[in-house]
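Numbering (the working numbering), first residue to last: 2 to 187.
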């Protein structure tokens, strides 16, 4: 089983904000796979189905970003999954808009959603796709991540969402090392 989680904050107030890049990728992936987020369980909106013959859960936690780990833990326990079954997709202010970066494990890197997942799963050994949202040094990070993307960033954002969605889809029937080789390009 593959559990693909896009991080973000629930509610219309947060739609299209930088911190919701993970949700945007999940929406694109669900559309591509003809799935819909029509179930709410485990503190998350989720879609479950077969993709490429494999059981896959697409998930958007409704816990708010900083508590995303609680939803991941509930799903892991219910489905008797392991942390290695997870692919987490989230925003990264240290990457330019339009860029994505894949990584197999590591620290939270200052991202509170990832920090929560590491704490709740008890490990940092899970796959990740980071979606670039860039940084404005004039605005405190806590405020910046809740801003909406600028009009001039939209083309690059849509390209990154599409690429991240394709990478997640590709990872379903490939190793993550193969996925990184395919999608970690300049």
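Think of the CB as a built atom: it goes at the ideal place given N, C-alpha and C, for glycine as much as any other residue.
Treat the numbers as computed from the prediction; the structure is a model and nothing was measured.
Query                                                                                                                                                                                               : Result
Please classify residue 156 as buried or exposed, where buried requires at least 16 neighbouring CB atoms within 10 angstroms.                                                                      : exposed
Tell me the residue span of the alpha helix (DSSP H) that contains residue 32.                                                                                                                      : 22 to 33
Could you tell me which uninterrupted alpha helix (DSSP H) segments, each at least 4 residues in length, are contained entirely in the segment 27 to 84, listed from first to last along the chain? : 69 to 79
Just tell me which of 182, 147, 128 has its CA closest to the CA of residue 136.                                                                                                                    : 147
Would you check if the distance between the CB atom of residue 132 and the CB atom of residue 184 is smaller than 8 Å?                                                                              : no
Give me, in chain order, the residues of the same chain whose beta-carbon lies closer than 7 Å to that of residue 109; leave out the 5 immediate sequence neighbours on both sides.                 : 115, 116, 119
Using 10 angstroms around the beta-carbon of residue 54, count the other beta-carbons present and answer buried if the total reaches 16, otherwise exposed.                                         : exposed
Excluding the five sequence neighbours on either side, which residues of its own chain have a C-beta within less than 6 Å of the C-beta of residue 11, listed in chain order?                       : 63
My output table needs one value for residue 104: the three-state DSSP class, helix, strand or coil.                                                                                                 : strand
Do you know whose CA, among 45, 168, 32, lies nearest residue 65's CA?                                                                                                                              : 45
Whose C-beta lies closer than 7 Å to the C-beta of residue 125 among residues of the same chain, with five residues either side of it excluded?                                                     : 106, 107, 108, 119
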